[in-house]
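Structure record follows, encoded as structure tokens.
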Amino acid sequence: MNDHKNTILAVVLSAMVLIAWQYFVGMPQMEKQRQEAQQRAAQQQTTPTPATPGQPQLQPGTGPQVPGQGGAPSAGIQYSREAVLAASPRVTIDTPRIRGSIALKGARIDDVALKQYRETVDPNSPLVVLLSPSGSPHPFYSEFGWVAGAGSNLKLPGPDTVWTQQGSNALSPGRPITLLYDNGEGLEFRRTISVDENFLFTVEDEVVNKTPAPVTMFPYALVSRHGTPQTLGYYILHEGLVGVLGDQGLQEFTYSNIEDKKAVNFKVTNAWLGITDKYWAATLLPDTKASVQARFSFASQGSLKTYQSDYLLDATTIAPGATGKAQARLFAGAKEVPLIDSYEKQLGLNRFELLIDWGWFYFITKPMFYLIDWLFRWLGNFGLAILAVTVIIKAVFFPLANKSYASMAKMKAVQPQMQAIRDRYADDKMKQQQALMELYKAEKINPLAGCLPILIQIPVFFALYKVLFVTIEMRHAPFYGWIKDLAAPDPTTVFNLFGLIPWDPMAVPVIGSFLHLGAWPLIMGVTMWVQMKLNPSPPDPTQKMIFDWMPIIFTFMLATFPAGLVIYWAWNNTLSVLQQSVIMKKNGAKIELFDNIKEMFVKKDAKKS
Numbered sequence: 005m006n007d008h009k010n011t012i013l014a015v016v017l018s019a020m021v022l023i024a025w026q027y028f029v030g031m032p033q034m035e036k037q038r039q040e041a042q043q044r045a046a047q048q049q050t051t052p053t054p055a056t057p058g059q060p061q062l063q064p065g066t067g068p069q070v071p072g073q074g075g076a077p078s079a080g081i082q083y084s085r086e087a088v089l090a091a092s093p094r095v096t097i098d099t100p101r102i103r104g105s106i107a108l109k110g111a112r113i114d115d116v117a118l119k120q121y122r123e124t125v126d127p128n129s130p131l132v133v134l135l136s137p138s139g140s141p142h143p144f145y146s147e148f149g150w151v152a153g154a155g156s157n158l159k160l161p162g163p164d165t166v167w168t169q170q171g172s173n174a175l176s177p178g179r180p181i182t183l184l185y186d187n188g189e190g191l192e193f194r195r196t197i198s199v200d201e202n203f204l205f206t207v208e209d210e211v212v213n214k215t216p217a218p219v220t221m222f223p224y225a226l227v228s229r230h231g232t233p234q235t236l237g238y239y240i241l242h243e244g245l246v247g248v249l250g251d252q253g254l255q256e257f258t259y260s261n262i263e264d265k266k267a268v269n270f271k272v273t274n275a276w277l278g279i280t281d282k283y284w285a286a287t288l289l290p291d292t293k294a295s296v297q298a299r300f301s302f303a304s305q306g307s308l309k310t311y312q313s314d315y316l317l318d319a320t321t322i323a324p325g326a327t328g329k330a331q332a333r334l335f336a337g338a339k340e341v342p343l344i345d346s347y348e349k350q351l352g353l354n355r356f357e358l359l360i361d362w363g364w365f366y367f368i369t370k371p372m373f374y375l376i377d378w379l380f381r382w383l384g385n386f387g388l389a390i391l392a393v394t395v396i397i398k399a400v401f402f403p404l405a406n407k408s409y410a411s412m413a414k415m416k417a418v419q420p421q422m423q424a425i426r427d428r429y430a431d432d433k434m435k436q437q438q439a440l441m442e443l444y445k446a447e448k449i450n451p452l453a454g455c456l457p458i459l460i461q462i463p464v465f466f467a468l469y470k471v472l473f474v475t476i477e478m479r480h481a482p483f484y485g486w487i488k489d490l491a492a493p494d495p496t497t498v499f500n501l502f503g504l505i506p507w508d509p510m511a512v513p514v515i516g517s518f519l520h521l522g523a524w525p526l527i528m529g530v531t532m533w534v535q536m537k538l539n540p541s542p543p544d545p546t547q548k549m550i551f552d553w554m555p556i557i558f559t560f561m562l563a564t565f566p567a568g569l570v571i572y573w574a575w576n577n578t579l580s581v582l583q584q585s586v587i588m589k590k591n592g593a594k595i596e597l598f599d600n601i602k603e604m605f606v607k608k609d610a611k612k613s
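Just add 4 to wherever you are in the sequence shown, counting from 1, and you've got my numbering.
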């Protein structure tokens, strides 16, 4: 009866380990959000409108609108991204890393594609598109300008304003563009947009007041996204609205969070805010000394949803004949670690590094990335860098692992005495445990030593998993053979003989996700099983059952993890087996790997007979 109870308990505990690991480490959960049905109509541009006197606010845009035109929403009409881009005059963006354009209507930065990044590992796949204009299937853009206080009748440029281009025909590093607009009522607007060699736009606005009276207005900037984007739904990854807002620190709101809250306001200095995906982001970077009224917000009209990060600066009063000025910056590109760090240092930004979701183990994760990146520059392959960092980690923990393996070797040597105690007190479990503990104490053995090598590498495992999962440097990084992307799971599966059978096991209902079991997860499972068989069997049947099942559980569990992490684990197991074998031999303990394997089948035959 006790054996049956122990078996049931072992299965239950194993299942709990699997579920907890999947939840907390970040195994895919059911997708929290699905992409909204393809937009039936173009989305209306976001327009700033004042709320209370002296304290204007920016309202998220609502409703669809015909691209390139103002007027009422028009439902049931669909437009491609290309059609929307062609519907209005534009200024080309051409840099070493960006291809796109700026709309003269509204002067928005709403067309950005990243030249060095493609959607898949296929070098002929489409470029990654970050920003798209209002009216296209997935609007995502940034807008800058001025908004008047409540009660003011100033005619200011808005989303429908057509600006006049002056100077350079294309925006490129060192060649800014200038846009002009005269409101016909004594105010002349001048906007100069420049871009660096990477992903940073700088927008400088000037307003010349030719009226006989002073005018007051508020500079603003926003990043707006229409429609709920499809997110990965991972626990360890933030996708949505993000910012570091002065002494309020890091603020993160998922799309569902901000839908519930509608709007969250902050009055701070030294802030930045925007909208982030896993690898890409569009982020507003106001002057670090400016006082900003920052906000994350959500609005909807029917099934059409708008998410927005925006800010207002303090009011600017422009005397007759004077010129008012405002400056804004936009980061729109890939979240490359060295680049993000350089912008933080260069611009004095407040923890801009947190645009990359380093997680709770930040103090391990980021140094881990820099170590792997440094090794990559020497070895030329991120897979080799992971193997090298594994050796370094093993060297760091070498004294602790040696002590653990030595304890296990001693435990192996006293197996006959342990068996004698079990036989002597077979009917009295309490006396059996007391006698075993006295033996451990006399021989200076730690019965949990076998768990220690696994426990000490768990923080490293988490950190490496985070590095592989969130850093764009690992995206589409190849190893050798069939591994073309270390940040993606092993693409092979044993259930179709590694591609020999033209069948996708993942398509099987309900259990399809469990049938993705590639070559590297199998290698990892075998190495883990070999390592377990080097250790003496735990005296408790329940513990033994758990250890017997652990390699199988981990094999299936890690099958959907990034291939780089599985390669690390397999290589770490191999090094541990070699290290443990040497230490056991040094301590006079017999290496009974093949005997333990043989014992599995001998026991089965004995039970049958």
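Where a beta carbon is used, it is the ideal one built from N, C-alpha and C, also for glycine.
Taking only runs of the alpha helix (DSSP H) that begin and end inside the stretch 470–542, which ones reach a length of at least 4 residues, in chain order? 523–538
Find the nearest neighbour of Ala-286 within the set Val-246, Gly-325, Gln-305, Asn-269, judged by alpha-carbon distance. The residue from Val-246, Gly-325, Gln-305, Asn-269 with its alpha-carbon nearest to that of Ala-286 is Val-246.
Between which two residues does the beta strand (DSSP E) holding Glu-263 run? Element bounds for Glu-263: not the beta strand (DSSP E) but the alpha helix (DSSP H), 259–265.
Arg-479 and Glu-283 - do their beta-carbons sit closer together than 8 Å? Residue identity check: residue 283 is Tyr in the sequence provided, not Glu. Yes. Within cutoff.
For the beta strand (DSSP E) that contains Gln-120, what are its first and last residues? Boundaries of the beta strand (DSSP E) around Gln-120: 113–122.
Own chain, CB closer than 6 Å to Ala-664, minus 5 neighbours either side, in chain order: Outside the modelled stretch of the chain, which goes from 5 to 613, sits residue 664, for which no answer is possible.
Residue closest to Ile-557, alpha-carbon to alpha-carbon, out of Glu-442, Val-341, Met-588, Pro-525: Pro-525
Using a Cβ-Cβ cut-off of 6 Å (strictly less than) and excluding sequence neighbours within five positions of Gly-190, which residues of its own chain qualify? Lys-214, Thr-215
Determine the DSSP secondary structure at Gly-231, reduced to helix, strand or coil. coil
Proximity winner among Asp-314, Gly-328, Ser-313, relative to Thr-320 (alpha-carbon distances): Comparing Cα-Cα distances from Thr-320 to each of Asp-314, Gly-328, Ser-313, the minimum goes to Gly-328.
Does the stretch 226–240 come into contact with the stretch 269–282, if we say contact requires no fewer than three beta-carbon pairs (one atom in each stretch) closer than 8 Å? yes
Residue from Gly-178, Arg-194, Val-341, Leu-519 whose Cα sits closest to the Cα of Tyr-185: The shortest Cα separation from Tyr-185 among Gly-178, Arg-194, Val-341, Leu-519 belongs to Arg-194.
Less than 8 Å separating the beta-carbons of Leu-89 and Asp-115? yes
For Val-146, three-class secondary structure by DSSP: This sequence places Ser at residue 146; Val is not what is there. Three-state result, Ser-146: strand.
What does the Cβ neighbour count give for Gln-423, buried or exposed, with the cut at 16 atoms within 10 Å? exposed
Give the straight-line distance between the Cα atoms of Val-139 and Leu-308, rounded to the nearest whole angstrom. First, the residue type needs correcting, since residue 139 is Gly and not Val in the sequence shown. Just so you know, the alpha carbons of Gly-139 and Leu-308 end up roughly 12 Å apart.
Is Val-296 near the ligand SAH, with its Cβ less than 7 Å from a heavy atom? In the structure shown, the ligand SAH is absent, as is every other ligand, since no ligand is present at all.
Are the beta-carbon atoms belonging to Glu-357 and Ile-344 less than 8 Å from one another? Judged by their CB atoms, Glu-357 and Ile-344 are nearer to each other than the 8 Å cut-off.
With which residues is Lys-435 paired in a DSSP beta bridge? Answer is none; Lys-435 lacks a bridge partner.
Where Pro-137 sits in the DSSP three-state scheme: Coil, per DSSP.
Cα-Cα separation, Leu-490 to Ile-476: 11 Å
Which two residues bound the contiguous alpha helix (DSSP H) that contains Gln-423? Start and end: 419–428.
Check Tyr-239 in the structure and name its three-state DSSP category. Coil at Tyr-239, not helix or strand.
Endpoints, the beta strand (DSSP E) within which Thr-96 is located: 94–98
Bridge partner(s) assigned by DSSP for Phe-205: Val-199, Leu-334
Leu-183: which of Phe-148, Thr-273, Gln-436, Ile-396 sits nearest, CA to CA? Phe-148
Could you spell out where the alpha helix (DSSP H) holding Gln-170 opens and where it closes? Taken as a continuous stretch (DSSP letters only), Gln-170 belongs to no alpha helix (DSSP H), being part of the beta strand (DSSP E) at 168–176.
From the DSSP output, read off the bridge partner residues of Gln-305. Leu-308
Reduced DSSP secondary structure (H/G/I, E/B, other) of Thr-559: helix
Helix, strand or coil for Leu-191, going by three-state DSSP, please let me know. strand
Option in Leu-579, Thr-196, Glu-442 with minimal Cα separation from Ile-181: Thr-196 is the residue among Leu-579, Thr-196, Glu-442 whose C-alpha sits nearest the C-alpha of Ile-181.
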